[in-house]
Amino acid sequence: MARQVRLFLIRHGETVDNVAQLYAGSRDSVLTNHGYQQATRLGSHFASLGLSFTHFFSSHLQRAAKTAGLIREAQVKRTNGSERNVPDVIQLPCLMEQDFGFYEGKKFYERPADGKLSGKDKNRQAHKDSEGFVNVESKESLARRADAFLDGHLLPLLNSPTEPADLVVAIVSHGIMLSSLWKRILSLLPEKSVKLATELAASGPVTLEHLGGWSNTGFLELRLTRSVPEPLVPATSAVTEKAARKTKLTAPPVDATPRSKACLEPGKNAKVSPEDRPNGCEESVSASNSSGTRKLDSDWATIILTINGKEHLKNLKRTGGGVGSSRHDASQKNIESFFKRRKVD
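Numbering (full-length UniProt numbering), first residue to last: 1 to 345.
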């Protein structure tokens with residue numbers, strides 16, 4: 001018996017802060033009209049492929065939650081017009097973007113001409129002693145948040161004997177956080193168990209730790225498979241007490257993975273130190289977990305099917321006159337529905 005998990009790591013749609021080139025980590029930036037169309041296109045794309053998601057996770061920030069919601073909406077209606085039950089989106093603070101601290105809401109800084117320091121590092125040196133200065137969230141904090149999500153949500157799915165044999169999981173988050181999450185996932189996979197799909201391998205060499213950035217609504221698609229041996233059926237039901245004890249002692253546990261506490265539910269705040277805020281998760285990931293020493297069982301194998309998938313964005317044009325770059329207003333009709341209504345009239 002084999003187990004298969006299709007895993008999609010998805011970045012949110014375009015936001016007003018993306019357009020304005022502002023740092024937005026913890027800042028709750030909204031989707032533009034173009035970003036809304038990107039997410040809608042992605043949902044339709046997944047539905048056209050016949051994907052039926054079994055689990056949705058997203059950052060609690062609205063740009064990610066709305067993107068996840070639009071993907072989910074496309075799952076609700078079948079091709080014949082009927083509706084089906086689709087799981088809700090679980091919003092989690094630990095999947096939020098890196099907090100840029102002092103730079104939240106500020107313009108992107110250009111790299112200085114000498115190239116020795118990034119613009120952000122140069123300004124950090126200039127402002128670090130200023131009153132009220134808050135530093136950028138550390139990479140270690142990002143890794144701990146990623147581990148908290150994996151230990152509290154994803155690994156239990158992979159290891160659960162009660163989950164369906166085939167899972168399709170969507171994780172909608174943010175560019176930097178997704179990069180950190182992928183590295184933490186990679187640290188769990190058995191050595192030499194990750195391969196590229198034939199098409200990707202033919203396109204050139206890839207460094208697994210650095211697959212590149214995520215475009216708005218771009219996605220990383222993974223297929224994880226595990227061969228699970230069929231349970232042995234005893235020749236007789238007369239199992240001795242001694243044999244039963246031996247079976248209990250030698251049988252591998254269903255889930256021997258060290259666990260952190262799960263991410264906090266939306267609306268609940270974790271108490272964290274200033275240099276590591278905002279985790280949005282309880283601080284209980286062990287040092288061994290953070291170092292990536294735990295692994296999935298050796299019978300797991302992974303194929304990377306898509307890197308920064310953007311097929312759904314082909315021929316999508318931004319609405320002109322500044323409309324496409326404006327914040328999306330759910331109360332307003334979109335261009336497509338407007339013209340459909342005019343034709344009916």
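Glycine residues also receive a C-beta, built at the ideal position from the N, C-alpha and C atoms.
Query: Buried or exposed: Gly35, going by 16 or more other Cβ atoms within 10 Å of its Cβ?; Result: buried
Query: Just tell me which of Arg318, Glu131, Ala64 and Ile303 has its CA closest to the CA of Arg223.; Result: Ile303
Query: For Arg11 versus Glu104, is the C-beta distance shorter than 7 Å?; Result: no
Query: Suppose you measure from the CA of Ala20 to the CA of Leu61; what does that come to, to the nearest Å?; Result: 18 Å
Query: Could you tell me which residues DSSP pairs with Ser58 in its beta bridges?; Result: Gln91 and Val172
Query: Is the CB-CB distance between Gly152 and Asp99 below 7 Å?; Result: no
Query: By alpha-carbon positions, which one of Ala39, Thr306 and Ser325 ends up nearest to residue 348?; Result: For the chain, the structure presents residues 1 to 345; residue 348 sits outside this window and is missing.
Query: Quick check on DSSP: helix, strand or coil for Lys183?; Result: helix
Query: Do Glu83 and Met177 have their C-beta atoms within less than 7 Å of each other?; Result: no
Query: With respect to 6 Å, is the separation between the Cβ of Phe108 and the closest non-hydrogen atom of the ligand FMN below this value?; Result: As far as ligands go, the structure on display features none, and thus does not contain the ligand FMN.
Query: Could you give the DSSP three-state label for Ser288: helix, strand or coil?; Result: Because Ser288 sits at a pLDDT of 35, beneath the cut-off of 50, its placement in the model cannot be relied upon, and the following sentence gives the value as read from the coordinates. It is helical.
Query: Taking the alpha-carbon positions, what's the Arg124 to Val86 distance?; Result: 45 Å
Query: According to the Cβ coordinates, are Ser173 and Ala64 closer than 7 Å?; Result: yes
Query: Within its chain, find whatever has a CB closer than 7 Å to the CB of Lys183; leave out the 5 residues flanking it on each side and keep chain order.; Result: Glu209
Query: Would you call Pro93 buried or exposed, if buried means 16 or more other Cβ atoms sit within 10 Å of its Cβ?; Result: buried
Query: Pull up the CB-CB distance for Leu150 and Leu196, whole angstroms please, since I reckon it's below 8 Å.; Result: With 8 Å as the limit, Leu150 and Leu196 do not qualify as a contact, their Cβ atoms being about 22 Å apart.
Query: Using 10 angstroms around the beta-carbon of Leu49, count the other beta-carbons present and answer buried if the total reaches 16, otherwise exposed.; Result: exposed
Query: So, under 8 Å CB-CB, Ile71 and Leu42 are touching, yes? Tell me the CB distance rounded to an integer number of Å.; Result: 6 Å
Query: Which class does Asn18 belong to by DSSP, given the choice of helix, strand or coil?; Result: helix
Query: Please state whether DSSP places residue 356 in a helix, a strand or coil.; Result: Residue 356 lies beyond the range of the chain shown here (1 to 345); nothing can be said about it.
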